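Residue numbers (UniProt numbering), protein chains in the order written: chain U, 1 to 257; chain L, 1 to 648. Note that CB positions come from ideal geometry on N, CA and C, so glycine has one too. Quick caveat: nothing in here was measured; it's all calculated off a predicted structure.
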């Protein structure tokens, strides 16, 4: 198939960007979206132009590196009802029609400054984890694994939250650029495990505080985050986070200065 | 033959393992004999850790907790992206929770045997010992392993073992274990013990007075090339499957850190040992950028077949039973579709070479669930394999509940890597190598669910205990950025990068990478022969020559430039490919993932030659034009007796 691509080009964080139109021909429906961008890039290189920068790595939907807005949808999720929610690397060209025009843009959020073209800086998400998204268990201090019992339903629910790949689609899809779904996934994963109880109050307070510091917006329960999430992380996590947050405040927890 | 390919150097040996005590006591004895560093002195010692996968992430976090000053480097945007994240199946540990006869000794035995007797017993035994601590550690961190209704951990049997020792978190075990290590690492970053260098790629090792003292690295955003110094350097940069271009590795996975360290004097051990996984989704076009693995648990119920006649292009559902060849069941009646990875892969290649392969270019075999669907019903198949079937359908656009899956082998893991001793220290003092980047534990073939075990064993438990012995003689004299060794390394990197940008030829880096990959898969892949390897060794220098005169790398040095990153990595892959072929050619035996056509039994099975090849081949780099030098480490088997593998 032949396609017209309108791609965001921006040389670096300081320069102004713009949409640039390219044409690609002979695209196979079996190609992944990123393989289609590879074709464009090979073409650009041979034409003596700079290829389009975009983050990607595992190309099997698990590392969370890739992610672009496709026709205004994060990872293209929601463009086609039949297509399961995926990361950009698992979107295939058979989801598009011959002759279609596709807009490709980076994640847009104050907390995700653009590095170049479609690549953005998501280190804010790492700093949210640093602020409390862990259980303090220094190596060597662990008790025998079977001394900690976890009810299967809690363990399964914790796993569902823990599958978040940290791609940032939730932030990009949210009109407020809120990272609430990301933060809640970690708060709930650890909060459901017995091991996570001692730090539960401080964790939620500090992670919320950090996401505010990073410039993410507030959550107004719109739900675009979950609808765009390649792992289908549920909005229920946000409710659980709010529940934990109230509990923590009542217990007198306050963010680290 | 030997003379022109390589020259023979002095033998090497591991001298760190205390062999004067029985194998079960060696690790505890080693820890006892190792010198310690006073907690108050640790903050005066700096350790560079390159890579943040299971090995590097866990090592950096643990060293930070211990109080050392750690500098952590990774090329991705976040430590959570390291390719350990993609491991599906599980992690082995000798807990014997199933009361099925498992023990440290059995895990040790299985791993030595599974590695086809080409691994060092001492290292493997220690791996089996610490496996149990790994599970404890991960549970304490909150890793959501699969559990039983009573709240205890679930186990499964994996990769053909007879005991259930594999712990798992659905099909995303690697992801969950990595996030455990990542969170521990982020905690140390917040605590200030670990300094972070995101999107920074190591491009050379700095060796001062014979010791590893730092690295040269490029900031991938600003393009700045700079030097970083430490008392010890730890490489945890993963494997080199991407030599083959198409592999199940992440696109960015590369050999540059270990290859540049090799060029600085670190020995490269058993480079030809690569693992080719039988159940991957086949290639469907020239543009294909990577291959996707599907868990080999599919072979528990799927039946592998090809048409009996060549060139049979009928719809598989129209091919009657009697015209199908269930070749694994035919050749291996005892193990059938569950033969080990290397055998399943090689037989798939054989039937495809006979012209009986299916799908585009005849590079595929059927994995058919029709019989299992009839026997168990669709709901049972959905419950067991639903996510894998979905993944297959998503990638291929075919419904595996209706049409048999097509599978083909793909490169998945590299057992070879930098040579290390029992302390995981390379032959360069102060250079430690952990995880897939070293050669240490899997011999010529890795068992399923053992890669995660090794990565975490090295990072959490082994390295932090052995590196203290080395660091106890530090802090070493401060190295100045003006030191001639540092200046030379920095200038070398700058010159090479500038050269890549200046060639401005007619071919893209990707086109060279694809050409190299195809050549390696065809000539140094599932089956190797003297003829194929000689052909490869004739061709690779030509590819290298053309690369350095005709590659086109756009963009600038001082900016975010993914083309430049890729070009540097491919330049190193080309050199490494040559060493892999030399190693494969010199090892005139079949063992594990290395199958030499000249060394097989009358029935066509791999034939090991313990008399001549029971050694680790550790290669020393020599400047272009001179053949590499082979140092042999003889392998002794005190506890596991040498035996031929048989699955008939």
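Shown here for residue 1/U: same chain residues with a beta carbon closer than 6 Å to its own, the five before and five after excluded, namely 27, 98 in chain order. At the C-beta level, residue 200/L and residue 181/L stay beyond 7 Å of one another. Around the beta carbon of residue 19/U, fewer than 16 other beta carbons sit within 10 angstroms, so the residue counts as exposed.
Among the residues facing chain L, residue 223/U is not included, as its CB has no counterpart in that chain under 7 Å away. Between residue 410/L and residue 360/L, the alpha-carbon positions lie close to 16 Å from each other. Near chain U, meaning a CB-to-CB distance below 7 Å, the residues of the segment 71–92 of chain L are 76, 77, 78, 80, 81, 83, 85, 86. Minimum Cα-Cα distance from residue 603/L among the listed residues 378/L, 332/L, 338/L, 202/L corresponds to 332/L. Note that the segment 112–132 of chain U does not touch the segment 79–91 of chain U; fewer than 3 beta-carbon pairs, one per stretch, sit closer than 8 Å. Uninterrupted alpha helix (DSSP H) stretches at least 4 residues long and entirely within the segment 594–635 of chain L occur at 610–613, given in chain order. Short of 6 Å from the beta carbon of residue 480/L, and not among the five residues preceding or following it, lies no beta carbon of its own chain. For the segment 114–142 of chain U, residues whose beta-carbon sits nearer than 8 Å to a beta-carbon of chain L comprise 115, 116, 119, 121, 122, 123, 125, 126, 129, 130, 131, 133, 134, 135, 136, 137, 138, 139, 140, 141, 142.
Linking residue 139/U to residue 184/L through their CA atoms gives a straight-line distance of about 9 Å. Less than 7 Å divides the Cβ of residue 405/L from the Cβ of residue 392/L. Between residue 115/L and residue 270/L, the gap from beta carbon to beta carbon reaches 7 Å or more.
Within 7 Å of the CB of residue 90/U, the CB atoms of chain L belong to 394, in sequence order along the chain. A distance below 6 Å between beta-carbons, with the five flanking residues on each side excluded, links residue 21/U to the following residues of its chain, in chain order: 6.
Apart from sequence neighbours up to five positions away, the residues of its chain that approach residue 55/L with a beta-carbon distance below 6 Å are 236, 434, 435, 455, 458, 459, ordered along the chain. Look at residue 143/U here: in three-state DSSP terms it is coil, with no helix or strand label.
In this structure, 107/L is the residue among 157/L, 107/L, 511/L, 225/L with its C-alpha nearest to the C-alpha of residue 639/L. For residue 55/L, the enclosing alpha helix (DSSP H) has its first and last residue at 54–66.
If the five residues before and after residue 187/U are omitted, its C-beta is found closer than 7 Å to the C-beta atoms of 203, 204, 207, 241, 244, all from its own chain and listed in chain order. The Cβ-Cβ distance between residue 89/U and residue 67/U does not fall below 7 Å.
Put simply, the CB of residue 31/U is near chain L, with a gap under 7 Å to one of its CB atoms. In this structure, the beta-carbon distance from residue 118/L to residue 344/L does not fall below 7 Å. A Cβ-Cβ contact shorter than 7 Å links residue 570/L with residue 512/L. Look at residue 559/L here: in three-state DSSP terms it is coil, with no helix or strand label.
Here residue 530/L carries a helix assignment [DSSP, helix/strand/coil]. Under the 8 Å Cβ criterion, the segment 294–314 of chain L does not count as touching the segment 608–619 of chain L, having fewer than three qualifying pairs.
In this chain, the beta strand (DSSP E) harbouring residue 307/L covers 303–307. The beta-carbon distance between residue 576/L and residue 589/L, rounded to whole angstroms, is 22 Å. This is too long to meet the 8 Å contact definition. In this structure, the beta-carbon distance from residue 266/L to residue 503/L does not fall below 7 Å. Residue 440/L counts as buried, since no fewer than 16 other beta carbons sit within 10 angstroms of its beta carbon.
In the structure shown, residue 117/L adopts coil according to DSSP, grouped into three states.
Beyond the five residues adjoining it in sequence on each side, residue 276/L comes within less than 6 Å, by CB distance, of 345, 409, 411, 526 in the same chain, given in chain order. For chain L, the residues of the segment 151–182 of chain U that bring a beta carbon within less than 7 Å of one of its beta carbons are 151, 152, 155, 158, 159, 162, 163, 166, in chain order. Secondary structure note for residue 373/L: its alpha helix (DSSP H) is the uninterrupted segment 370–376.
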